[in-house]
C-alpha cells in the first residue's frame with residue numbers, strides 16, 4: 014500500500030465509547046482569539062481506537078472550522094481548538110468528523126475510526142468583564 018494510505022475502521026460500536034472518551038471541558042469567549050474567538054477545550058481519555066478528526070462548530074446553519082484532533086488508541090490528552098464564531102452565538106454543536114487528511118498529518122496513525130461525533134447544544138461561557146493584563150504592573 015502507498016505510504017499515504019489511511020485505512021478506515023468502519024465500526025459503529027466504537028461511537029458510544031468515543032462519545033464517553035472525548036469530552037468538551039469548556040467553550041469560552043477569549044480575548045486572545047480576537048473579536049470572534051471561542052476557545053474550545055477537549056479532554057481525551059483512554060481512546061478505544063485511533064482517531065483523526067476535522068472539528069467544526071455548527072451554529073444555526075453555518076459551520077466554523079475549529080482544527081484537527083488526532084490521537085492513537087489508548088491515548089489521553091487535552092486539546093485546545095478555536096472557532097471564529099460571531100459574538101451573538103451562545104450555543105453551538107461541536108462536530109468531529111473522521112479525516113484521512115488529519116491522519117496523514119501525523120507520523121503514527123495508519124488506520125482511524127470512520128464516523129462522526131456530534132456534541133449538541135454546548136454553551137459558550139461569557140467573555141470576562143475586563144481584558145486580562147498581559148504583564149504585571
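Numbering (the working numbering), first residue to last: 14 to 150.
Ideal Cβ positions, reconstructed from N, Cα and C, are used throughout, including at glycine.
With a cut-off of 8 Å on the beta carbons, I'd call residue i and residue j a contact; round off their distance for me.
i: residue 34; j: residue 65; result: Not quite, the Cβ-Cβ distance comes to about 15 Å (not below 8 Å), so this is no contact.
i: residue 180; j: residue 21; result: Only positions 14 to 150 of the chain appear in this structure, which leaves residue 180 out of reach.
i: residue 68; j: residue 80; result: 6 Å
i: residue 138; j: residue 39; result: 6 Å
i: residue 92; j: residue 57; result: 7 Å
May I ask you to list the residues that DSSP assigns as paired with residue i?
i: residue 121; result: Paired residue(s): none; residue 121 is not in a bridge.
i: residue 91; result: 56
i: residue 83; result: 65
i: residue 51; result: 42, 96
i: residue 131; result: 108
Let me know if residue i comes out buried or exposed under the rule of 16 or more other beta-carbons within 10 Å of its beta-carbon.
i: residue 90; result: exposed
i: residue 84; result: buried
i: residue 63; result: buried
i: residue 14; result: With a pLDDT of only 49 at residue 14, under the threshold of 50, the placement of this residue in the model should not be trusted; the figure read from the coordinates follows. With fewer than 16 Cβ atoms within 10 Å of its Cβ, residue 14 is classed as exposed.
i: residue 95; result: buried
i: residue 120; result: exposed
i: residue 26; result: exposed
i: residue 127; result: buried
i: residue 131; result: exposed
Residue i by DSSP, collapsed to three states: which one?
i: residue 72; result: strand
i: residue 115; result: helix
i: residue 40; result: strand
i: residue 136; result: strand
i: residue 78; result: strand
i: residue 26; result: coil
i: residue 20; result: strand
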